[in-house]
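The block underneath contains the structure these notes are about, expressed in structure tokens.
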Amino acid sequence: MRYLAADVAAGRDIATALDRAATLMDIEAAVQFALAFGRVGLVGYCWGGLLTWRAAALVHGLSAAVPYYGGGTTTEQEIARHPNCPVMAHYAKEDHWIGLDTVETFAKAHPEVTVHLYDADHGFNCDHRGSYQKASADLARERTLAFLEDHLA
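Those letters in the sequence shown? Residues 597 to 749, per the working numbering, in order.
This is the structure we're talking about:
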């Protein structure tokens, strides 16, 4: 099954309609619940990547965060945030939604964040998209699992 343009538009409409403060409160509640079982990491893709970045700065209790091509993470407002846990961020060099220049600005502003760039387009990790790029997805997964192992074990 592949995402169609209508699927992407529907997802964007849903995300836009959500109350952003309430969404972070939901993430906070989930993290607080999960802390009873050990350290907590968060991984998010696209809009979820943006939420993962925000959570790294605003949600208490995270031990690691991994945003994948988080749309909006490289805006001035988001770059101004400071994470309270280790972060590894994955971006695509050919992303038509997130400019490479803004990723470079993000990386310079946050030397504490591990930033990886892939020869791929936005959504390279999603095998339901035409932009899926297996080699980049596999490498990002390997890096993510090692990062989480380091910070959650």
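The beta carbon of each residue, even a glycine, is placed where N, CA and C say it ideally should be. Because the structure is a prediction, the values reported are computed rather than measured.
- A residue is called buried when at least 16 other Cβ atoms come within 10 angstroms of its Cβ; residue 720 meets this threshold and is buried.
- Proximity to residue 703 across 683, 692, 715, 631 peaks at 683, based on C-alpha coordinates.
- A straight line joining the alpha-carbon of residue 607 with that of residue 663 spans about 18 Å.
- Taking residue 741 as reference, the option from 623, 637, 681, 652 with the minimal CA-CA separation is 637.
- Beta-bridge partners assigned by DSSP to residue 699: none are found.
- For residue 607, the enclosing alpha helix (DSSP H) begins and ends at 601–613.
- A residue is called buried once 16 or more other Cβ atoms fall within 10 Å of its Cβ, and residue 707, having fewer, is exposed.
- With a cutoff of 7 Å on beta-carbon distance, residue 718 and residue 641 are scored as not near each other.
- For residue 637, the enclosing beta strand (DSSP E) covers residues 636–641.
- With 16 or more other Cβ atoms inside 10 Å of its own Cβ, residue 729 counts as buried.
- A direct Cα-Cα distance of roughly 14 Å separates residue 661 from residue 643.
- Taken atom to atom, the span from the alpha-carbon of residue 626 to that of residue 688 is near 29 Å.
- In the DSSP annotation of this structure, the continuous segment of the beta strand (DSSP E) that includes residue 712 starts and ends at 710–714.
- When beta bridges are read from the DSSP output, residue 663 appears opposite 640.
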